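Q:
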Amino acid sequence: MQERMYWVCADAISLATQLGTAHDLPAPDVLRQRVASLFQQMREKGRDAGIPVDDTNEATYALAAFMDEQILRSPWPGRQQWMSQPLQLAFFQENTAGHGFFVRMQALSGMPGREHVLQIYALCIALGFQGQYALSATGELVDLQDRALATASRNLVPSEVLSPEGYPKRGLDALREKRVPVLMAGFGLLGLCIVLFVVLRVLLSMNIGSTEDEIAGEARAAGDGVVQVGTEVRAC
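For the sequence shown, position 9 matches number 22 in my numbering, and the numbering has no gaps at all.
1) Can you give me the start and stop residues for the alpha helix (DSSP H) that M14 sits inside?
2) Is the distance from the Cβ of I84 to the Cβ of L148 below 7 Å?
3) Ordered along the chain, which non-local residues of its own chain (more than five positions away) have a Cβ less than 7 Å from that of L86?
4) Using the three-state DSSP reduction, which class does A248 fall into: helix, strand or coil?
5) Taking a contact to mean a Cβ-Cβ separation below 7 Å, would you say A72 touches I133 in this structure?
6) Rounding to the nearest angstrom, what Cα-Cα distance links S122 and S166 in this structure?
7) What are the uninterrupted segments assigned as alpha helix (DSSP H) that are 4 or more residues long and contained completely in the region 22 to 60, given in chain order?
8) Using 8 Å as the Cβ pair cut-off and three pairs as the minimum, do the region 40 to 54 and the region 86 to 104 touch?
9) Taking P90 as the reference, give the member of Y19, M55, G152, A35 with the closest Cα.
10) From what residue to what residue does the alpha helix (DSSP H) around E82 run?
11) Buried or exposed, going by whether 16 or more other CB atoms sit within 10 Å of the CB of V21?
12) Given that a residue counts as buried once 16 or more other Cβ atoms are within 10 Å of its Cβ, and exposed if not, what is A161?
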């Protein structure tokens with residue numbers, strides 16, 4: 014389920030990581046259309062992957078909050094116009110996602126079977142989302158992220174953490190026999206971190222180019238001339 018959820022969210026995650034440093038994005042209306050299209054694709058891919066609609070919606074909330082914050086912190090001149098109609102307001106009718114993000118993450122922590130959604134929240138934090146903790150000590154946010162990851166990894170079946178072939182059979186048997194929960198949680202967290210790292214690297218390498226090209230194409234179609242320079246999207 015974790016791999017399917019990452020696949021569903023891949024393009025949105027890729028775009029979100031770029032928004033925080035973008036200087037010259039397309040016009041806000043064009044960018045909103047692009048994001049709306051990505052969210053629609055998430056719903057369709059989630060359906061095809063057998064992800065419950067509620068889980069896809071929860072992941073969409075996390076990514077909407079992350080994208081809004083990325084844009085707010087970016088040097089893009091259109092950020093003030095964007096924040097007059099942020100994604101969280103357009104899709105979830107609220108303007109308090111900086112707080113709501115953590116309320117939802119806490120709720121997911123107590124829901125067995127939704128670890129794949131919880132990991133998307135933890136990944137947003139790992140990629141820079143701060144929300145209501147933007148002015149707090151960094152350690153507090155890191156602790157929240159670590160607890161979310163630990164909760165998710167603790168409820169994963171072993172095959173979803175790391176491949177069983179990654180451990181000697183004798184070592185696995187010994188771990189089962191000794192029933193050391195702290196050690197197992199440690200292996201689970203390590204495995205989850207490796208998975209997150211590998212997935213993120215793959216997503217960025219595969220999607221960054223196509224995401225920028227699609228934004229540029231939509232901007233041209235809307236009458237906003239856009240050219241690509243290096244790895245940035247620059248409006249003319």
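Just so you know, even glycine gets a beta-carbon here, dropped at the ideal spot from N, CA and C. Everything numeric in this text was worked out from a predicted model, so none of it was measured.
A: So, from the data block:
1) As a first step, residue 14 is located in the sequence shown; it is residue number 1 there, counting from the start. That residue, M14, is in no alpha helix (DSSP H); it is neither H nor E in DSSP.
2) Position 71 of the sequence shown holds residue 84. Position 135 of the sequence shown holds residue 148. Contact: no.
3) Within the sequence shown, numbered from 1, the residue matching residue 86 stands at position 73. A small fix is needed here, since residue 86 is Arg in this sequence, not Leu. Around R86: G33.
4) By one-based count along the sequence shown, residue 248 stands at place 235. In this prediction, A248 has a pLDDT of 41, which is less than 50 and means its spatial position is unreliable; what the coordinates show is noted afterwards. If DSSP states are grouped into helix, strand and coil, A248 belongs with the strands.
5) Counting from 1 along the sequence shown, the entry for residue 72 is found at position 59. Counting from 1 along the sequence shown, the entry for residue 133 is found at position 120. Contact flag set, yes.
6) Within the sequence shown, numbered from 1, the residue matching residue 122 stands at position 109. Within the sequence shown, numbered from 1, the residue matching residue 166 stands at position 153. Those two C-alpha atoms are separated by around 11 Å.
7) none
8) yes
9) Taking the first residue of the sequence shown as 1, we reach residue 90 at position 77. If we check each option's Cα against that of P90, A35 comes out closest.
10) Residue 82 sits at position 69 when you count from the first residue of the sequence shown. Counting along the chain, the alpha helix (DSSP H) containing E82 begins and ends at 66 to 86.
11) Walking along the sequence shown from the start, residue 21 turns up at place 8. With 16 or more other Cβ atoms within 10 Å, it is buried.
12) Residue mapping note: residue 161 aligns to position 148 of the sequence shown, counting from 1. Per the 10 Å Cβ criterion, buried.
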